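Residue numbers (our numbering): 97 to 263. Working notes for the structure below.
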């Protein structure tokens, strides 16, 4: 995903709209993407840097963290990045180099920024429903399919003395 910014760099205050669709996206961790990734945004010449604003939409499949059922997760994120041409960064004083991505041609490749922000937006744990009961820790039955016959009053023998106090 390369954007030509050769003319944009010459005109402070100018902005350019862009739109990409990534059809084939490799799986990331336990997420596989079931819809193309739609990338839409604009890049603005602020005079000091080129400011990139991106909106990203897609859907991914993963498994529920409790019952291992398949879950479709909608993903919609917005992020911003700042880019500075190598020759411009040397001339500008007071520019925070750690917050700016430096490039050295007339094109900006936003692939890495899109991938990083997509990975950061994916949830660490996904649930099929907020109150998913998961599996029984003793017999392994999926509790969404019904209750099991396991004895639920297993008390840690070290805490059995406390149970006597309750009686």
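Backbone N, C-alpha and C define an ideal beta-carbon position, used for all residues, glycine too. The model shown is predicted, which means the values in this text are computed figures rather than measured ones.
Check: Anyone know if the C-beta pair for residue 197 and residue 212 falls short of 8 Å?; Outcome: no
Check: Put residue 198 into one of helix, strand or coil per three-state DSSP.; Outcome: strand
Check: Between the alpha carbons of residue 100 and residue 112, how many angstroms are there, rounded?; Outcome: 10 Å
Check: What does the alpha-carbon distance come out to for the pair residue 127 and residue 156?; Outcome: 6 Å
Check: Which residue comes first and which comes last in the alpha helix (DSSP H) that contains residue 120?; Outcome: First-last for residue 120: undefined, no H or E at that position.
Check: Please check the pair residue 124 and residue 206, which I expect to be a contact at CB under 8 Å, by giving their CB distance rounded to whole angstroms.; Outcome: That pair is no contact at about 17 Å.
Check: To the nearest angstrom, how far is it from the Cα of residue 224 to the Cα of residue 218?; Outcome: 15 Å
Check: Can you tell which of 131, 118 and 152 has its C-alpha closest to the C-alpha of residue 175?; Outcome: 152
Check: With residue 204 as the anchor, note down where its beta strand (DSSP E) starts and where it stops.; Outcome: 203-205
Check: With a CB to CB cut of under 8 Å and the five nearest residues on each side skipped, what residues in its chain are close to residue 119?; Outcome: 132
Check: Tell me the residue span of the alpha helix (DSSP H) that contains residue 259.; Outcome: 256-262
Check: Relative to the alpha-carbon of residue 179, which residue among 147, 170 and 233 has its alpha-carbon at the smallest distance?; Outcome: 147
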